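Inspection log for the structure reproduced underneath, given as structure tokens.
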Amino acid sequence: MITLGMIPLEMSGNTSDSASKSILVRKGAWTQAEDVLLRSCIEKHGSVKWSRVPQLAGLNRCRKSCRLRWLNYLNPTLRRGTFDEDEEDLIIRLHKLLGNRWSLIAGRLPGRTANDVKNHWNSRLSKEVIARDKKNGGQVRLATPIRPQPRAITARKQKTSSVITEVEDDHTSWLDHLILDDEKYNKGKMEGQTEAEISFGGLKGFNDDQGLFLEGISRWENPLSDILN
DNA sequence: AACGGTAGCAACCGCCAAGTT
DNA sequence: CAACTTGGCGGTTGCTACCGT
1 MITLGMIPLE
11 MSGNTSDSAS
21 KSILVRKGAW
31 TQAEDVLLRS
41 CIEKHGSVKW
51 SRVPQLAGLN
61 RCRKSCRLRW
71 LNYLNPTLRR
81 GTFDEDEEDL
91 IIRLHKLLGN
101 RWSLIAGRLP
111 GRTANDVKNH
121 WNSRLSKEVI
131 ARDKKNGGQV
141 RLATPIRPQP
151 RAITARKQKT
161 SSVITEVEDD
171 HTSWLDHLIL
181 DDEKYNKGKM
191 EGQTEAEISF
201 GGLKGFNDDQ
211 GLFLEGISRW
221 ENPLSDILN
């Protein structure tokens, strides 16, 4: 972050940002006045294109900076303050399942942003988890993050690919299954079951919809392997 | 009081995929 | 179909506040 006192005028390094190609845009910490301008712009115009926001708000900021400031700080639906135990527990479990998929993890925590979750993980939780694993004999159960993940359902996709849409519609469902599976794993550990017992039991529990889940994954993987082969 | 180390967090950067022209 | 634009993501940086010495 380059602040150069309080007059941090810089060219944006992002060449894909049309708003910053030929004009100097402000960088660094946001002032109260800028926050007021951005907030009133969003309240007035609603969900306009972010590329138009700097102009509409009268801000000398790039679109990305405006979007980030709104999503991570000004958005009234955000929940500020410390993470409670339940939230931390959920983050740890989801991270074990998903890896650094911060936006997915944050999606399970109402009012929390991906940036919040990531910062909290990097500054606190990762150390806690490492310490806990060391204490437990260094056994870490890590899951390979599941990819690819659909980002959003678009009108075009819905028109052109019923397959993708079906899988995306099940997006919440498969994540629920993963969490459920992990809960069963932890329960099994507590009850002294072996890895195999837990895995088998977890798979059974994982469930009545298992076929649908695996079909969903294969629908992603098959076209991918077609391309690669 | 001064200093150094560090935790927490806001913000930026580079990249990617989807959408538009 | 290519070029360009846009939205979104994860990784990283650097400022600030706090704490111990």
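Numbering-wise (the UniProt record's numbering), the first sequence opens with residue 1 and increments by one.
Backbone N, C-alpha and C fix where the C-beta goes; we use that ideal spot for every residue, glycine too.
This one's a predicted model, so the numbers in the text were calculated from it and none came from an experiment.
Specify, as a first and last residue, the run of the alpha helix (DSSP H) that residue i falls within.
i	result
Arg39	32–45
Asn100	Note, Asn100: premise wrong, no alpha helix (DSSP H); not H, not E.
Leu68	63–69
Pro54	53–57
Ser126	126–135
Val117	114–120
Ignore the nearest five residues each way along the sequence and tell me which others in residue i's own chain have a CB closer than 7 Å to its CB.
i	result
Leu71	Thr113
Gly58	Leu37
Arg67	Trp50
Trp121	Ile91, His95
Asp35	Leu74
Gly111	Thr77, Leu78, Arg79
Ala33	none
In its own chain, which residues sit with a C-beta less than 6 Å from the C-beta of residue i, not counting the 5 before and 5 after it?
i	result
Leu109	Glu87
Trp30	Arg69
Pop quiz: residue i and residue j are said to be a contact at Cβ under 8 Å. What is the actual Cβ separation, rounded to whole angstroms?
i	j	result
Leu38	Leu78	14 Å between Cβ atoms; not a contact.
Ile105	Val117	5 Å
What does a CB cutoff of less than 8 Å around residue i pick up in its chain, not counting 5 residues either side in sequence?
i	result
Gly107	none
Leu125	Glu88, Ile91, Ile92, His95
Ser123	none
Lys127	none
(message) So, does the segment 46–55 touch the segment 78–98, judging by three or more C-beta pairs under 8 Å?
(response) Too few Cβ pairs lie closer than 8 Å, so no.
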